[in-house]
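Heads up: the sequence shown at position 60 corresponds to 60 in the UniProt record's numbering, and the numbers run straight through without jumps.
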Amino acid sequence: MSVVLDASALLAYLNQEAGAEAVAEQMVRGGFISAVNLAEVYSKVTEWGQDAHLLEQALVRQGLLGGVLEVVPFGPEDVLRVAALRPLTKTQGLSLGDRVCLALAQRLGLPHHRQRLDQPGRRG
Numbered sequence: 001m002s003v004v005l006d007a008s009a010l011l012a013y014l015n016q017e018a019g020a021e022a023v024a025e026q027m028v029r030g031g032f033i034s035a036v037n038l039a040e041v042y043s044k045v046t047e048w049g050q051d052a053h054l055l056e057q058a059l060v061r062q063g064l065l066g067g068v069l070e071v072v073p074f075g076p077e078d079v080l081r082v083a084a085l086r087p088l089t090k091t092q093g094l095s096l097g098d099r100v101c102l103a104l105a106q107r108l109g110l111p112h113h114r115q116r117l118d119q120p121g122r123r124g
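Here it is as structure tokens:
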């Protein structure tokens with residue numbers, strides 16, 4: 001079954017951090033990522049001094065983007081889903097990006113893979 005990835009999961013995979021193997025196993029079956037969560041990934045690598053355009057080209061060459069990982073646009077329906085999740089997730093400390101991932105998973109009827117940014121060994 002396909003899975004929806006959040007930014008932290010894709011970053012863990014790209015940086016071979018804790019949880020990277022689990023993310024790779026999920027992506028073999030196909031996956032989705034919101035354009036918003038992909039923007040988070042590109043923002044983070046830019047913060048680290050890397051070129052987001054080069055990363056995108058590498059992801060396409062490797063068959064991730066446009067291959068096993070489909071980028072899903074964020075539209076008006078998603079805006080309302082994300083807003084509806086706020087009261088349900090506020091006490092759990094979920095960020096806007098986390099809720100974007102959850103909303104996409106709900107819309108597609110798929111599980112999500114969320115890698116916590118505050119885990120030991122996380123770069124960020």
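Beta carbons: idealized from backbone N, C-alpha and C, even for Gly. A quick note: this is a predicted structure, and the numbers were derived from the prediction, not measured.
Shown here, S8 sits in a helix according to DSSP, grouped into three states.
By the Cβ criterion, the segment 43-56 is not in contact with the segment 16-27, since fewer than three pairs of Cβ atoms, one from each stretch, lie closer than 8 Å. In this structure, the CA atom of A58 is about 30 Å from the CA atom of P76. A direct Cα-Cα distance of roughly 18 Å separates L88 from D6. The C-beta of S34 has 16 or more other C-beta atoms within 10 Å across all chains shown, which makes the residue buried. In this structure, L65 sits away from V72, with a CB-CB distance that is not shorter than 8 Å.
In this structure, L110 lies away from M27, with their beta-carbon atoms at least 8 Å apart. Buried is the label assigned to R99, since at least 16 other Cβ atoms lie within 10 Å of its Cβ. With 16 or more neighbouring CB atoms inside 10 Å of its own CB, A103 falls in the buried class. DSSP places V68 outside both helix and strand once states are collapsed to three, so it counts as coil. Around the beta carbon of G97, a 10 Å sphere encloses 16 or more other beta carbons of the protein chains shown; the residue is thus reported as buried. When rounded, the separation of the alpha-carbon atoms in V36 and T91 is 22 Å.
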